[in-house]
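At position 269 of the first sequence the residue is numbered 331 (the numbering used here), and the sequence of numbers has no breaks.
Cβ atoms here follow ideal geometry from the backbone N, Cα and C, with glycine treated the same way.
Please read all numbers here as calculations on a predicted model, not as lab measurements.
This report concerns only the one structure given below.
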Amino acid sequence: MDQFKFKIISKDKKTSARVSEFSTPHGKLHLPTFMPVGTRATVKTLNPEELVDLNADIILANTYHLYLRPGSETVKKMGGLHKWMNWKRPILTDSGGFQVFSLALEKRPMQNTDKKLVKIKEDGVEFRSYIDGSKHFFTPEKVMQIQSDLGADIIMAFDECAPGESTHAYAKQAMDRTHEWAERCKKEHNKLQKSKKIKQALFPIVQGGIHDDLRVESTKFMAKLDLPGIAIGGLSVGETKEQMYHTLDVIKDYLPEDKPRYLMGVGTPEDLLEGVSRGIDMFDCVMATRNARHGSFWTKDGKFNLKNCGFKEIADPLMKNCGCYTCKNYSTSYVRHLYMENETFGLRLVTIHNLHFLLDLMSKVRTHIKNGDFTDFKDKFLKRYFKKS
RNA sequence: GGGCAGGUGGCGGAGCGGUCAAUCGCAUCAGACUGUAAAUCUGACGACCUUGUGUCUACGGGAGUUCAAAUCUCUCCCUGCCCA
């Protein structure tokens, strides 16, 4: 597996932050990085050229969604994800495990709560399609097959993501199942890779909820599998930020040093900084893109909502001195106008800005770690970001 | 000039004697969103305050009927359509 080489470039002295590189068949990842989410094989509202302009090293797609529509066989027939979506850089596919959790929660008002939508069994998970209610069954083996067909560079083990508030007993049950599934994923993955020209890296996912003993146990277990990277799941799923940071502190020393560490589903600018200082190398989150479509944007001075009437006649860009296409060319007034008028271009402009904000933040993080003043940078950023003006 | 249909909160439009400060939609204002069923969802939206099964002012204007009127009667004003 030497095509998935991991190389540490620089380490921060005061924190666990590090700058590194991870090689994949479609290019190198410059870590720490943020990965824009493109669940249905597209980062909503943007085209690949724009993502390249934003310096996105890698993007995500989702097993669950693409399996249901159009079907992973279709993507395979069309030449695989990269070719199909015209994205030449690396791709990571999520396993669909998270969807099991998010659908089981039944938190959506439009959800049919009469039906048991998800049944977790030892062998796998039975669930109903969110599209037409049809029954489907995922096993670790099947999820490996789907991800093999999709053809992403990094693929994820099938896991059970327990809600943040889960009891020790429940979290342990989910963790044990995830461990067993991870072993089965690894076995199936090894089998599938033999016939593949372009290899894929499988990452296992640490679970254990907010219970320190479980998290340590899970981290040790997953590290032992000796896969090319390791992911931390089951965070930012309802627990507090303090609990999330604490959990990262607890497992920090058990994470393999010589492999990329991926904190799944995170997050906000502050979460990225806190994550990096706890040794995290990869992040992904829908927040940048979703919030953009909902009218909120990030700046160095915090989070703002474009809908607020105070932005109506602001001639300045969303953020002064921002290097993104949106801020270089348009006033806040104009972007707000497009948003208020429900114009597609407005959604794109805010999406570009938010993604740029996070990707640029990570780029600065890499620079400051190398320069040896990461902590100073982080403290100053957070102080300004949370300062109420 | 004659006939008909109407005038309700920023707009559209319900209600047709009490449970109406008035359904609903739009607009507006604000909030939420963390491995995307999300260009979505939630809340506020007459005024005032001691924020309460609180007090005022309100369904074109005025005058009535009634214990009680956005809802019934009379009258005036206005709007739209049709006929001269």
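(request) Alpha carbon to alpha carbon, how far is K73 from K145? Give it in angstroms, no decimals. (result) Counted from its first residue, the first sequence places residue 145 at position 83. Counted from its first residue, the first sequence places residue 73 at position 11. Rounded to the nearest whole angstrom, the C-alpha separation of K145 and K73 is 36 Å.
(message) Suppose you measure from the CA of Q65 to the CA of F84; what does that come to, to the nearest Å?
(response) Numbered from its first residue, the first sequence carries residue 65 at position 3. Numbered from its first residue, the first sequence carries residue 84 at position 22. Take the alpha-carbon of Q65 and the one of F84: they are about 9 Å apart.
(request) Taking only the alpha-carbon atoms, compute the straight-line gap between T77 and D194 and give it to the nearest angstrom. (result) Sequence index remark: in the first sequence, residue 77 carries index 15 (1-based). Sequence index remark: in the first sequence, residue 194 carries index 132 (1-based). Looking at the two C-alpha atoms, the distance is approximately 48 Å.
(message) Can you look up N416 in the DSSP assignment and give me helix, strand or coil?
(response) As a position in the first sequence, residue 416 is number 354, starting the count at 1. DSSP places N416 within a helical segment (H, G or I) once states are collapsed to three.
(message) Checking 8 Å against the spacing of the C-beta atoms, do M218 and T155 come in under that value?
(response) On the first sequence, residue 218 is found 156 positions in, with the first residue counted as 1. On the first sequence, residue 155 is found 93 positions in, with the first residue counted as 1. M218 is a Cβ neighbour of T155, given a cutoff of 8 Å.
(message) So the candidates are V299, A231 and V348; which of them puts its Cα closest to the Cα of D275?
(response) Here residue 275 refers to the residue found at position 213 of the first sequence. If we check each option's Cα against that of D275, A231 comes out closest.
(request) Just list the beta strand (DSSP E) runs in the segment 284-310, keeping only unbroken ones of 3 residues or longer that don't cross its boundaries, in chain order. (result) You should have 292-294.
(request) For K440, I'd like the list of residues in its chain whose CB is within less than 6 Å of its CB, leaving aside the five on either flank, ordered along the chain. (result) For this step, residue 440 is matched to residue 378 along the first sequence. Short of 6 Å from the beta carbon of K440, and not among the five residues preceding or following it, lie these beta carbons of its own chain, in chain order: L335.
(message) Helix, strand or coil for P98? Go by DSSP, reduced to three states.
(response) Counting from 1 along the first sequence, the entry for residue 98 is found at position 36. When DSSP states are grouped into helix, strand and coil, P98 belongs to the strand group.
(message) Under 8 Å: do the segment 298-318 and the segment 177-191 share three or more Cβ pairs, one atom per stretch?
(response) Contact fails: fewer than three Cβ-Cβ distances are below 8 Å.
(request) Assign N383 to buried or exposed, taking buried as 16 or more other Cβ atoms, counted over all protein chains shown, within 10 Å of its Cβ. (result) In the first sequence, residue 383 corresponds to position 321, counting from 1. When all chains shown are included, N383 counts as exposed.
(message) Which residue marks the beginning of the beta strand (DSSP E) containing Y316, and which one marks its end?
(response) What you label residue 316 is simply residue 254 of the first sequence in a count that begins at 1. Premise fails: Y316 is in no beta strand (DSSP E) and is neither H nor E.
(message) Spatial neighbours of E227 within its chain, please: C-beta separation below 6 Å, excluding the five flanking residues on both sides.
(response) For the purposes of this step, residue 227 is identified with residue 165 of the first sequence, where counting begins at 1. If you ignore the 5 residues before and after E227, its C-beta comes within less than 6 Å of the C-beta of G300, all in its own chain and listed in chain order.
(request) Tell me whether the beta-carbon of P322 lies closer than 8 Å to the beta-carbon of L423. (result) As a position in the first sequence, residue 322 is number 260, starting the count at 1. As a position in the first sequence, residue 423 is number 361, starting the count at 1. 8 Å or more divides the Cβ of P322 from the Cβ of L423.
(request) Return helix, strand or coil for R190, following the three-state DSSP convention. (result) For the purposes of this step, residue 190 is taken as residue 128 along the first sequence, with counting starting at 1. The three-state secondary structure of R190, taken from DSSP, is strand.
(request) Mind listing, in chain order, the continuous alpha helix (DSSP H) runs of no fewer than 4 residues lying wholly within the segment 327-405? (result) Runs found: 331-339, 349-355, 387-391 and 394-402.
(request) Enumerate in chain order the residues of its own chain whose CB-to-CB distance from L444 is below 8 Å, with the five nearest sequence positions on each side excluded. (result) For the purposes of this step, residue 444 is taken as residue 382 along the first sequence, with counting starting at 1. Non-local C-beta neighbours of L444 in its own chain, meaning closer than 8 Å and more than five positions away in sequence, comprise E332 and L335, ordered along the chain.
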